[in-house]
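Asker:
Residue numbers (the working numbering), protein chains in the order written: chain A, 58 to 215; chain B, 145 to 258.
#1: So, helix, strand or coil for residue 64 of chain A, using DSSP?
#2: Excluding the five sequence neighbours on either side, which residues of its own chain have a C-beta within less than 6 Å of the C-beta of residue 164 of chain B, listed in chain order?
#3: Applying a beta-carbon distance threshold of less than 8 Å, which residues of chain A neighbour residue 246 of chain B?
#4: Out of curiosity, what's the CA-to-CA distance linking residue 88 of chain B and residue 194 of chain A?
#5: Under the three-state reduction of DSSP, which class applies to residue 158 of chain A: helix, strand or coil?
#6: Could you tell me the alpha carbon to alpha carbon distance between residue 187 of chain A and residue 199 of chain B, rounded to whole angstroms?
#7: Can you tell me where the beta strand (DSSP E) with residue 179 of chain A in it begins and where it stops?
#8: Using a beta-carbon distance below 7 Å, is residue 155 of chain B in contact with chain A?
#9: Residues in its own chain within less than 8 Å of residue 240 of chain B by CB, not counting five upstream and five downstream?
#10: Three or more C-beta pairs closer than 8 Å, one from the segment 168-185 of chain A and one from the segment 127-137 of chain A: is that the case here?
#11: Taking 7 Å as the cut-off, decide whether the C-beta atoms of residue 68 of chain A and residue 94 of chain A are in contact.
#12: Taking 7 Å as the threshold (C-beta atoms), are residue 162 of chain A and residue 211 of chain A in contact?
#13: Do the segment 145-153 of chain A and the segment 230-246 of chain B meet, that is, are 3 or more Cβ pairs less than 8 Å apart?
#14: Within 8 Å, do at least three Cβ pairs link the segment 202-214 of chain B to the segment 164-177 of chain B?
#15: Listing by chain order, which chain B residues have their CB less than 9 Å from the CB of residue 74 of chain A?
#16: According to the neighbour-count rule (16 or more other Cβ atoms, all chains shown, within 10 Å of its Cβ), is residue 224 of chain B buried or exposed?
#17: Shorter than 7 Å from the beta carbon of residue 169 of chain B to some beta carbon of chain A?
#18: Taking the CB atoms as reference points, tell me whether residue 208 of chain A and residue 156 of chain A lie closer together than 7 Å.
#19: Since residue 119 of chain A meets chain B, which of its residues come closer than 9 Å, beta carbon to beta carbon?
#20: For chain A, find out if any of its Cβ atoms is closer than 7 Å to the Cβ of residue 233 of chain B; answer yes or no.
#21: Could you tell me the alpha carbon to alpha carbon distance between residue 170 of chain A and residue 101 of chain A, rounded to whole angstroms?
#22: Tell me, please, whether the CB atom of residue 101 of chain A is closer than 7 Å to any CB atom in chain B?
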């Protein structure tokens, strides 16, 4: 059971980054709030491998870096659609079957789609239901790369 | 040198503010709820990222920069969840997206004919 001490260290580091206080009163309050957080997490039953995917940390960091670039490219496209009064937009709704097998992978993929301007996930029951601003971006191929990347980042390389 | 970094940071923050204005413009301009969500996500992602990046450059290497980075990470985690909750609720309540090609000028023409 490495996940309980791991979470304790992470929460303590987070507390210190946000407060930066070292007086006894604040340290006492820190211990109380950290213990309360750990107790709540234990009650929710989320102190396990799924909630603390240390083994995926490096993949998730790489994925985040790639996603930021994608988000910026999509931002440019949508900003152009807003500013260019003559541009025709063609909203469409498509179904995208996620590659990821785990709930975490599906959530990562769905949130990545929503985070990218121009595409938003409407429903995640079964296949993802995605609303897109430009129909030409709604082909399965436009989601294929993000789909595969998200699945590999969340589920690990098979 | 640090003055140059401050200038770059300030420019990024202003660029972020402009992106937020463009996002708001899109929310007014686009035809239906779902397309407006796309415009709002410019404010969520591009504008927030540019502004926070600019503020980090202005603050320099400090705890403040770390806190700003943490704020950015939280925005990136929570805003898609909120956007999905909104669109999912709208879809569940029976709001159907307007599909097919659409242009602002066409809408103006139709309204003028009415």
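Beta carbons: idealized from backbone N, C-alpha and C, even for Gly.
Answerer: Here's the rundown:
#1: In the first chain, the residue the question calls residue 64 of chain A occupies position 7. In this structure, residue 64 of chain A counts as helix in the three-state DSSP scheme.
#2: Sequence index remark: in the second chain, residue 164 of chain B carries index 20 (1-based). Excluding residues within five positions, the ones whose Cβ falls inside 6 Å are 187, 191.
#3: On the second chain, position 102 is the one that residue 246 of chain B refers to. Those are 145, 146, 147, 148, listed as they occur along chain A.
#4: Outside the displayed range of chain B (145 to 258) lies residue 88 of chain B, so it cannot be described from this structure.
#5: Looking up residue 158 of chain A in the first chain gives position 101. If DSSP states are grouped into helix, strand and coil, residue 158 of chain A belongs with coil.
#6: Stepping through the first chain from its first residue, residue 187 of chain A is reached at position 130. Stepping through the second chain from its first residue, residue 199 of chain B is reached at position 55. The straight-line gap from Cα to Cα measures roughly 34 Å.
#7: Indexing the first chain from 1 puts residue 179 of chain A at position 122. Its beta strand (DSSP E) spans residues 176-180.
#8: The residue labelled residue 155 of chain B in the question sits at position 11 within the second chain. Answer no: the Cβ-Cβ gap between residue 155 of chain B and chain A never drops below 7 Å.
#9: What you label residue 240 of chain B is simply residue 96 of the second chain in a count that begins at 1. For residue 240 of chain B, where only same-chain residues beyond five positions count, there are no Cβ hits under 8 Å.
#10: yes
#11: In the first chain, the residue the question calls residue 68 of chain A occupies position 11. In the first chain, the residue the question calls residue 94 of chain A occupies position 37. Yes.
#12: Within the first chain, residue 211 of chain A is the residue found at index 154, counting from 1. Within the first chain, residue 162 of chain A is the residue found at index 105, counting from 1. In contact: residue 211 of chain A and residue 162 of chain A (Cβ atoms closer than 7 Å).
#13: yes
#14: no
#15: For the purposes of this step, residue 74 of chain A is identified with residue 17 of the first chain, where counting begins at 1. By Cβ distance, chain B contributes 207, 210, 211, 214.
#16: For the purposes of this step, residue 224 of chain B is identified with residue 80 of the second chain, where counting begins at 1. Flag for residue 224 of chain B reads buried.
#17: Numbered from 1 along the second chain, position 25 holds the residue referred to as residue 169 of chain B. For residue 169 of chain B, the answer is yes, since a Cβ of chain A falls inside 7 Å of its Cβ.
#18: The residue given as residue 208 of chain A occupies position 151 in the first chain. The residue given as residue 156 of chain A occupies position 99 in the first chain. Yes.
#19: As a first step, residue 119 of chain A must be located in the first chain, where it is residue number 62. In chain order: nothing, as chain B lies at least about 15 Å away.
#20: Within the second chain, numbered from 1, the residue matching residue 233 of chain B stands at position 89. No, residue 233 of chain B does not count as interfacial toward chain A.
#21: Working through the first chain from its first residue, we reach residue 170 of chain A at position 113. Working through the first chain from its first residue, we reach residue 101 of chain A at position 44. In a straight line, the C-alpha of residue 170 of chain A is about 28 Å away from that of residue 101 of chain A.
#22: Translated into the one-based positions of the first chain, residue 101 of chain A becomes position 44. It does not; no Cβ of chain B falls within 7 Å.
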